[in-house]
Amino acid sequence: RIMNRFTKDMNIIDDMLPFMLFDLIQLTLLVVGCIFTVSIMRPYIFIAAIPLAVIFVVIRKYFLRTGQQLKQLEAEARSPIFSHLIISLKGLWTIRAFGRQTYFETLFHKALNTHTATWFHYLSCLRWFLFRCDVLFVMFFTAAAFIAVGTNQDKPGEIGIVVALAMLILGTFQWAIITSINVDGLMRSVDRVFKFIDLPSEEVLLGKSGGRGGSDFIINNPHMYDYWPNRGQLDVQDLTVKYTEAGRTVLNNISFSVEGGQSVGLLGRTGSGKSTLLSALLRLTATEGEMSIDGVSSSSIPLQMWRKAFGVVPQRVFILTGSFRMNLDPYGRYSDEELWRVAEEVGLRSVIEQFPDKLDFQLEDGGSVLSNGHKQLMCLARSILSKARILLLDEPSAYLDPITLQVLRKILKQSFSSCTVILSEHKMEPLLECQSFLMIENSSIKSYDSIQKVMTEMSHLKQAMSPADRLRLFPALHRLNSTKRPPPPNTKISSLPEEAEDEVQDTRL
Numbered sequence: 003r004i005m006n007r008f009t010k011d012m013n014i015i016d017d018m019l020p021f022m023l024f025d026l027i028q029l030t031l032l033v034v035g036c037i038f039t040v041s042i043m044r045p046y047i048f049i050a051a052i053p054l055a056v057i058f059v060v061i062r063k064y065f066l067r068t069g070q071q072l073k074q075l076e077a078e079a080r081s082p083i084f085s086h087l088i089i090s091l092k093g094l095w096t097i098r099a100f101g102r103q104t105y106f107e108t109l110f111h112k113a114l115n116t117h118t119a120t121w122f123h124y125l126s127c128l129r130w131f132l133f134r135c136d137v138l139f140v141m142f143f144t145a146a147a148f149i150a151v152g153t154n155q156d157k158p159g160e161i162g163i164v165v166a167l168a169m170l171i172l173g174t175f176q177w178a179i180i181t182s183i184n185v186d187g188l189m190r191s192v193d194r195v196f197k198f199i200d201l202p203s204e205e206v207l208l209g210k211s212g213g214r215g216g217s218d219f220i221i222n223n224p225h226m227y228d229y230w231p232n233r234g235q236l237d238v239q240d241l242t243v244k245y246t247e248a249g250r251t252v253l254n255n256i257s258f259s260v261e262g263g264q265s266v267g268l269l270g271r272t273g274s275g276k277s278t279l280l281s282a283l284l285r286l287t288a289t290e291g292e293m294s295i296d297g298v299s300s301s302s303i304p305l306q307m308w309r310k311a312f313g314v315v316p317q318r319v320f321i322l323t324g325s326f327r328m329n330l331d332p333y334g335r336y337s338d339e340e341l342w343r344v345a346e347e348v349g350l351r352s353v354i355e356q357f358p359d360k361l362d363f364q365l366e367d368g369g370s371v372l373s374n375g376h377k378q379l380m381c382l383a384r385s386i387l388s389k390a391r392i393l394l395l396d397e398p399s400a401y402l403d404p405i406t407l408q409v410l411r412k413i414l415k416q417s418f419s420s421c422t423v424i425l426s427e428h429k430m431e432p433l434l435e436c437q438s439f440l441m442i443e444n445s446s447i448k449s450y451d452s453i454q455k456v457m458t459e460m461s462h463l464k465q466a467m468s469p470a471d472r473l474r475l476f477p478a479l480h481r482l483n484s485t486k487r488p489p490p491p492n493t494k495i496s497s498l499p500e501e502a503e504d505e506v507q508d509t510r511l
């Protein structure tokens, strides 16, 4: 959307809209001037034009209400065509390798037919409107001709002028109507741009003082980065989050505390608000309540300073167009030696060295040459360089293979052992190493100090665990179930049962 506002919409506003507005004003003045001149010469023509003008306004209003919806449908049907073309061109080799050309051609023709159908409906609606406008102005021309001839036959020159101006109106008005419709469509770009302009801007200066004690001294101290944040203790009190002011409450009056250096697992069903909580901690959404890091309130320091305390690994990492150096160190604060050291620490050095210019290699198309795991490792490298004390991970295993996931867990143990880590996950395996847990359910939050307590209250989570993890976390329960299980009659112990084989295999892994 942002790219569309700054490219297509701004191009329309700067280049196309001024010329269209000029044509519309010129044609409108021409039509109004002709009608005014004819009405002066034959006043009865003005009386005849009033009901026709009312009918025209009603028809135009009816058309715009329908035409705008059809235009919106046409724009929505156009997007899948471009998306399909981009995806097909990027994955052309894969499509040809699997012989799926016919399938993708069918998808393209289907999207094209859908767009053509919506565009045909819009053109039909436009023709319907223009035909009725022509009928109205034929009626106006006929009335003007009869009035001009019937009222005063002694001045044939005036009769000729009236008929000529009426014909000019008939030819010009349809052009003016089409131009007005085009201007109305182009003004949608202005409306979209103003919606972006009217969005509430993020806080860039000091907010309202909400801290206690010497927080103002910390803010104004130029060396505050030397000691804040130093522990990464996060305190949240009565936090309420809504997507919109009139929308439903996603998180309602939640309170929790995370000790510095602690690893916390964030649990909850899909749509429960895990990602929303992480966004609220970064102050990406409007919130009510109090958040503080090491005793410093979020409302007492600048927004950018607050966010620098966090390192973030989102589900889908977006890589900026630029070099490896720019993506690792956007502000250019660190030397190449430090960049290589951090790249070695997270396992990216061998990846970067494969490219021709190494750190200066230009990444394009959102880093399409990198896997999703490499992109997440770049986020971890940025967090190490910025010395973030709190690391937020939003389902990092969603798009990772098991090997890359093990690398990620190893980096979290080694490089972020002294940092506060908040890990949001659907899978249970990555959460087993967390020290405490937060469960989000029904817009509220509940704290647990062990995974066993979570499993005891949330039995459905236990079913999502592998047999090896259940054996490791609940050995007593497993032994109890094993003793209660009756041995199979008249069977030789030649092989382990299927479930036990799976458990042994998972344990070995």
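Counting from 1 along the sequence shown, just add 2 to a position and that's the residue number in our numbering. Heads up, the beta-carbon is just placed ideally off N, CA and C, and yes, glycines get one too.
Q: Give the DSSP-derived three-state secondary structure of K92 in the structure shown.
A: helix
Q) Just the Cα atoms here: how many angstroms apart are Q176 and F84? A) 33 Å
Q. With DSSP run on the structure shown, which of helix, strand or coil describes D396?
A. strand
Q) Taking all protein chains shown into account, do 16 or more other C-beta atoms lie within 10 angstroms of the C-beta of G173, making it buried, or fewer, making it exposed? A) exposed
Q | Boundaries (first-last residue) of the alpha helix (DSSP H) holding T30 | A | 19-43
Q: Could you tell me whether the stretch 134-150 touches the stretch 34-44, using the rule of 3 or more Cβ pairs below 8 Å?
A: yes
(Q) Measuring straight from C-alpha to C-alpha, what distance separates G216 and G291? (A) The predicted position of G216 is uncertain, since its pLDDT is 39 and thus under 50; no value can be drawn from it.
Q) Per DSSP, what kind of secondary structure is A99 in: helix, strand or coil? A) helix
Q) For V266, which residues from the same chain have a beta carbon less than 8 Å from its beta carbon, with the 5 sequence-adjacent residues on both sides left out? A) V260, T422, V423, I424, L425, C436, Q437, S438, F439, L440
Q | 7 Å CB neighbourhood of P316 in its chain, flanking five on each side removed | A | D396
Q. Is V238 buried or exposed, if buried means 16 or more other CB atoms sit within 10 Å of its CB?
A. buried
(Q) Less than 6 Å between C-beta atoms, sequence neighbours within five positions excluded: which residues of the same chain meet that for S514? (A) The requested residue 514 does not occur in the structure, where the chain is confined to residues 3 to 511.
Q. What are the residues that DSSP puts in a beta bridge with D200?
A. In DSSP, D200 forms no bridge with anything.
Q: Return the CA-CA distance between L72 and S182, expressed in angstroms with no decimal places.
A: 17 Å
Q.
Considering only their Cβ atoms, is the gap separating E366 from T323 smaller than 8 Å?
A. yes
(Q) I'd like to confirm something about S388: is its beta-carbon nearer than 7 Å to some heavy atom of the ligand ATP, or not? (A) The ligand content of the structure shown is nil, which means the ligand ATP is not present either.
Q: Kindly identify the DSSP beta-bridge partner or partners of Q364.
A: S325
Q.
Considering only DSSP beta bridges, list what T251 is partnered with.
A. K244
Q | Among S446, L434, S445, nearest to V456 - alpha-carbon criterion | A | L434
Q | Distance CB(V243)-CB(T278) smaller than 8 Å | A | yes
(Q) I need the DSSP call for D508, collapsed to helix, strand or coil. (A) Any reading at D508 must be qualified, since the residue scores a pLDDT of 40, below 50, and its modelled position is unreliable; the value itself is stated next. Note: D508 maps to helix in three-state DSSP.
Q: Look up V319 in the DSSP assignment and say whether it is helix, strand or coil.
A: coil
Q) In three-state terms, what does DSSP make of Q512? A) Here the chain covers residues 3 to 511 and nothing more, so residue 512 does not appear.
Q) What's the call for Q235, buried or exposed, on a 16-neighbour Cβ count within 10 Å? A) buried
Q) For V140, which option in W121, D17, F58 has the closest C-alpha, if you only look at C-alpha atoms? A) F58
Q: Check whether the Cβ atoms of L387 and L330 lie closer than 8 Å to each other.
A: yes
Q | Cβ contact check for the stretch 301-309 and the stretch 349-358: 3 or more pairs under 8 Å | A | no
Q.
Let's test the definition: count the other Cβ atoms within 10 Å of the Cβ of A146 and tell me whether it reaches 16, buried, or not, exposed.
A. buried
Q.
Which residues does DSSP list as the beta-bridge partners of V423?
A. S265, L393
Q) Three-state secondary structure (DSSP) at L284? A) coil
Q: List the DSSP bridge partners of L440.
A: L268, S449
Q: Would you please state the rounded distance, in angstroms, between the beta carbons of T120 and E76? I believe it to be under 8 Å.
A: 4 Å
Q. Mapping DSSP to helix, strand and coil, what is S484?
A. Model confidence at S484 stands at a pLDDT of 49, short of 50, so the residue's coordinates are unreliable and nothing is read from them.
Q: Would you mind working out which of R250, I97, D403 sits nearest S445, comparing C-alpha positions?
A: R250
Q: For M169, name the three-state secondary structure that DSSP assigns.
A: helix
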